[in-house]
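Per the numbering used here, residue 6 is the first one in the sequence shown, and the count goes up by one each step.
The C-beta atom is built at its ideal place from N, Cα and C for all residues, glycine as well.
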Amino acid sequence: MPVITHRAERAPACIPPEWAGVGACALPVAAGAATGLLECHALVLVTTGPLLADVDFTSHLAGPGTILWVRPGQAVHFDLPGGSRPGDGEPPDEAVTVVFRPGLFAPDELPGLAPDDPDGPARTPLVLPDPAVFRAAMDHLAADAAGPSGRIAAALLRHQLAALLLRIRLLDRTGSDVANVEARTFERFRRRLEDGYPHSRRVEDYAAELACSVRTLTRASLAVTGRTAKQVVDDRVALQARRLLAATDLSVAEVGRGLGFGEPTNFGRFFHRETGLSPGQFRARFADRPGGIPGPRQPTD
6 MPVITHRAER
16 APACIPPEWA
26 GVGACALPVA
36 AGAATGLLEC
46 HALVLVTTGP
56 LLADVDFTSH
66 LAGPGTILWV
76 RPGQAVHFDL
86 PGGSRPGDGE
96 PPDEAVTVVF
106 RPGLFAPDEL
116 PGLAPDDPDG
126 PARTPLVLPD
136 PAVFRAAMDH
146 LAADAAGPSG
156 RIAAALLRHQ
166 LAALLLRIRL
176 LDRTGSDVAN
186 VEARTFERFR
196 RRLEDGYPHS
206 RRVEDYAAEL
216 ACSVRTLTRA
226 SLAVTGRTAK
236 QVVDDRVALQ
246 ARRLLAATDL
256 SVAEVGRGLG
266 FGEPTNFGRF
276 FHRETGLSPG
286 QFRARFADRP
296 GGIPGPRQPT
306 D
């Protein structure tokens, strides 16, 4: 997903080691830092909390004993309630985090769970009935990730991570019920949209790829989300635009081009229609955070 990570704010210490694809860190983005785009998955377990987590422009107050699963490409910002900061430059200890790279598991490798599905479990803080069990498992995984590398160690870490993800799935069964035809149709549409939204906003194109009619896609979208298929497509494009404007220094024109808009004015009209703000107005909301992204570049946009 090169358009997502290009010139984005990063947290290098939180990129999992290449040999394992699994690692651990204090937080995926340090408390009080700029909004950033994750390049990997992050399981954030709040230990002493509470912690404020902004994920894709939705704020969550996560209390002790909750876990949040942040996906690659999501815009994230963590902070402490009341804007407080840990003293003496020390990192906050309100959360422990396990990170893992996308593609680590095959789509059907874990029963009932596709780890790279952006619509998976724990998208909002999930209250754990046994947080101590999760804390012990995550601490154990972190210790093994910091140990000697090798094929056996990597396999062990994958098994430890798989157990964590399956525990989360058992606790959180939210998601589409694919037992009915409309839900299955929408699921296929949603997955295709994840690959296709930078290239096409035409529902007709997705219907053709899925060998169904526009009416079928619209009916399925309305049944599952209450939104038409066209609205679902535009929602996804607008979300990506907000991510890139908030967390990268790409110009407005570059963001628009990356999302298939040949002219900045067309992108500006689309963005204003979807959000009620111009791209510049939206970006300005994120410019004054500590370590915030640079402001929009001056013309040639």
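Does DSSP put residue i in a helix, a strand or coil?
i	result
Phe-83	strand
Ser-256	coil
Leu-244	helix
Ile-72	strand
Ala-29	strand
Gly-41	strand
Glu-23	coil
Gly-296	Any reading at Gly-296 is ruled out, since the residue's pLDDT is 36, under 50, leaving its predicted position unreliable.
Establish whether the CB of residue i and some CB of chain C are separated by less than 8 Å.
i	result
Asp-113	The structure shown contains no chain C, having only a single protein chain.
Could you check how far apart the C-beta atoms of residue i and residue j are, in whole angstroms? I think they sit under 8 Å.
i	j	result
Ile-72	Leu-131	5 Å
His-164	Pro-107	Going by Cβ atoms, the distance from His-164 to Pro-107 rounds to 18 Å, so no, they are not a contact pair.
Ser-218	Ala-212	6 Å
Val-103	Leu-169	7 Å
Val-260	Leu-250	6 Å
Arg-241	Leu-198	6 Å
Ser-283	Phe-276	7 Å
Pro-55	Gly-68	5 Å
Ala-258	Pro-269	5 Å
Phe-291	Thr-40	5 Å
Trp-74	Arg-128	7 Å
Leu-48	Val-81	So it is not a contact: roughly 13 Å between Cβ atoms.
For the alpha helix (DSSP H) that contains residue i, what are its first and last residues?
i	result
Thr-53	Thr-53 -> no alpha helix (DSSP H), and no H or E assigned at all.
Gly-285	284–289
Ala-158	156–176
Phe-275	269–280
Ser-218	Note, Ser-218: premise wrong, no alpha helix (DSSP H); not H, not E.
Ends of the beta strand (DSSP E) at residue i?
i	result
Ala-67	63–67
Are three or more beta carbon pairs between the segment 146–155 and the segment 117–126 nearer than 8 Å?
no
Are three or more beta carbon pairs between the segment 51–65 and the segment 229–238 nearer than 8 Å?
no
Runs of beta strand (DSSP E) wholly within the segment 94–145 (minimum 3 residues, chain order)
100–105
Within the segment 179–204, note down every full alpha helix (DSSP H) run reaching 4 residues or more, in order along the chain.
186–201
Check whether the segment 133–153 touches the segment 182–196, counting contact only when three or more Cβ pairs, one atom from each stretch, lie closer than 8 Å.
no
Is the segment 73–87 touching the segment 133–152, taking contact as three or more C-beta pairs under 8 Å?
no
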